[in-house]
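K.L.:
My structure is below; once you've seen it, I'll send some questions.
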Amino acid sequence: MKRTSLTLMTVGLLTGSLVLFSATGCETTQRADRDHASMNDASGAIEGSSVTMVVHGMGCPLCANNVDRQLKALPGVSDASIDLGSGEVKVQLADENRPTRSQLARAIQDSGFTLIRIETP
Amino acid sequence: MLTMRFRASLLSVWSAAAVVVAALAAPSQYASAQEAINSPAATQPSRGTWVLRNQFRYLEARADPRSDAREFRQVTIWNSLAYGISSDLSASFELPVVHRSFRDGKGGPRKRDTGIADMNATLKWRIYQDDFGPIDTSRVSLLGGLQIRSGDSEFTSDSYDPFVGAVWTYVHGRHGVNASGRYKFNTGGGTEFNLGGGDGSADALLYDASYLYRLDPETYTAESKGAWYAVVEFNGVYETNGDNELMIAPGIMYEARAWTVEASFQLPIWQELDHRPESRFGMVVGLRLQF
Chain V
118 MKRTSLTLMT
128 VGLLTGSLVL
138 FSATGCETTQ
148 RADRDHASMN
158 DASGAIEGSS
168 VTMVVHGMGC
178 PLCANNVDRQ
188 LKALPGVSDA
198 SIDLGSGEVK
208 VQLADENRPT
218 RSQLARAIQD
228 SGFTLIRIET
238 P
Chain Y
101 MLTMRFRASL
111 LSVWSAAAVV
121 VAALAAPSQY
131 ASAQEAINSP
141 AATQPSRGTW
151 VLRNQFRYLE
161 ARADPRSDAR
171 EFRQVTIWNS
181 LAYGISSDLS
191 ASFELPVVHR
201 SFRDGKGGPR
211 KRDTGIADMN
221 ATLKWRIYQD
231 DFGPIDTSRV
241 SLLGGLQIRS
251 GDSEFTSDSY
261 DPFVGAVWTY
271 VHGRHGVNAS
281 GRYKFNTGGG
291 TEFNLGGGDG
301 SADALLYDAS
311 YLYRLDPETY
321 TAESKGAWYA
331 VVEFNGVYET
341 NGDNELMIAP
351 GIMYEARAWT
361 VEASFQLPIW
371 QELDHRPESR
381 FGMVVGLRLQ
391 F
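Residue numbers (our numbering), protein chains in the order written: chain V, 118 to 238; chain Y, 101 to 391.
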């Protein structure tokens, strides 16, 4: 009886996990495509004093801190503010040595999240 | 006997509940991504970031079936330092400092020991990531590492034991789920009493599941500086000598942007132990710092 219950529980948890896992779909390729799209036209420094990025996957306040730290480590980034609810990351840029799109995209990748797009004013 | 029947019934209820929750969660994509208190998660520090984690863990256990030792009380200061090597790979090192007391036979003074238990060096590699919404994610990581003998005769297993495992984390809206399994290959001896399990002379399977619900804020905004979570965890240890123990651990956690405080209470809901003392209950209070 005891071992039966344990077996049922284990099978139940594994089955539930597998169903849930498969329901999410395998989207690593999609993530790579998104990142690649964001990197296009990435060689020049960003013009303007600010930029807004949309980032997905920041499920907790510590996640936001990871993004914040990576962005502020870039030259030319003076401040960053993050809205977890919308995924919007607003970056204030200095007057000189502004980062390129690819540098911003790399910072989001290094923080462990998915960049959807970069919007400039 | 009555207690065992009650625990068996309770386990059946929890088993059914776990299956129902998982089944309901699949179509609605409910889940969470936060890291629980006693269970691993497929989350890790970003590249170049450190996370220091300290937990005060208290455990009371009953009599040892193999000796006259009984009425165990154990305090562990559990120290962990993790570092993000890349966006998908992190390393961590864990150092537990333990104080233990127990009675040897009926009556008499309590025997007390303090020392360093075996340490863990772990690599975590994320192999799957789907960030399907602003705060929504599904991640899978592989775990591998080595438990390193401390050399402290009272608390060491006196062996170098490799372990492997996998952990899955899913976060959707206010809900989060983690599920993991780790298998430790014992290459030598075991600790004297193996309190809590996993450090005996047999191989061990550690299996965990956790659910987190974000109590506040209901919705994140740009002004959100932290979040409260209600946590419930199931922490199990099966050893190849036949011992098995499953604990339920309700808890609460506050996570700010650079630190987290956490507390949980562990109670056994399933015990089938012939080689180590049964746990009575456990308490955990912890702090995490990201820098």
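All C-beta atoms in this analysis are idealised placements derived from N, C-alpha and C, irrespective of residue type, glycine included.
1) Chain V partners of Y:Q134, CB-CB under 7 Å?
2) Could you run through the region 212-231 of chain V and flag, in chain order, every residue whose CB is less than 7 Å away from some CB of chain Y?
3) Have a look at Y:A349, Y:T319 and Y:V240 and flag the residue whose alpha-carbon is nearest the alpha-carbon of Y:A363.
4) Which partner residues of Y:L189 appear in the DSSP bridge assignment?
5) Please confirm if V:E144 has its CB atom under 8 Å from at least one CB of chain Y.
6) In terms of DSSP beta bridges, what is Y:R212 paired with?
7) Give a yes or no on whether the minimum CB-CB distance between V:D196 and chain Y is below 8 Å.
8) Grouping DSSP H, G and I as helix and E and B as strand, with all else coil, what is V:K207?
9) From the DSSP output, read off the bridge partner residues of V:Q187.
10) By the three-class DSSP mapping on this structure, what secondary structure does Y:A142 have?
11) Report the residues of the region 200-231 of chain Y with a CB closer than 7 Å to any CB of chain V, ordered along the chain.
12) Just to make sure I have the definition right: I need the residues of chain Y whose C-beta is within less than 9 Å of the C-beta of V:S167. Which are they?
13) Using the beta-carbon count (16 or more within 10 Å), is Y:G392 buried or exposed?
14) Should the region 183-191 of chain V be called in touch with the region 251-268 of chain Y, which here means at least 3 C-beta pairs below 8 Å?
15) With distances taken between CB atoms, is the gap from V:V184 to V:V208 smaller than 8 Å?
16) Rounded to whole angstroms, what is the Cα-Cα separation between Y:F172 and Y:S280?
17) Chain V beta carbons: is any one of them nearer than 8 Å to that of Y:Q155?
18) Between Y:V271 and Y:S241, is the Cβ-Cβ spacing less than 8 Å?
19) Between Y:M353 and Y:A330, what straight-line distance do the alpha-carbon atoms span, to the nearest angstrom?
P.N.:
Inspection of the coordinates gives the following:
1) Neighbours of Y:Q134 in chain V, taken as residues at a C-beta separation under 7 Å, are given in chain order as G176 and C177.
2) Those would be Q226, D227, S228, G229, F230 and T231, in chain order.
3) Put simply, of Y:A349, Y:T319 and Y:V240 the residue whose alpha carbon is nearest the alpha carbon of Y:A363 is Y:A349.
4) Per DSSP, Y:W225.
5) Here the model assigns V:E144 a pLDDT of 39, short of 50, so the residue's position is not dependable, and the following value carries that caveat. Chain Y, which has a Cβ nearer than 8 Å to the Cβ of V:E144, makes this yes.
6) Y:R212 has Y:S201 as its beta-bridge partners, per DSSP.
7) It does not: the Cβ of V:D196 has no partner Cβ on chain Y nearer than 8 Å.
8) Look at V:K207 here: in three-state DSSP terms it is strand.
9) In the DSSP output, where bridge partners are listed per residue, V:Q187 has none listed.
10) It is coil, neither helix nor strand.
11) Result list: Y228, Q229, D230 and D231.
12) Those do not exist, as V:S167 stays about 14 Å from chain Y at its closest Cβ, beyond 9 Å.
13) Residue 392 of chain Y is absent from the structure shown; chain Y starts at 101 and stops at 391.
14) These segments do not touch.
15) No, these two residues do not count as a Cβ contact at 8 Å.
16) Counting only the Cα atoms, Y:S280 lies some 28 Å from Y:F172.
17) Not one beta carbon of chain V lies nearer than 8 Å to the beta carbon of Y:Q155.
18) Going by C-beta atoms, Y:V271 is not nearer than 8 Å to Y:S241.
19) For the pair Y:M353 and Y:A330, the Cα-to-Cα distance works out to about 7 Å.
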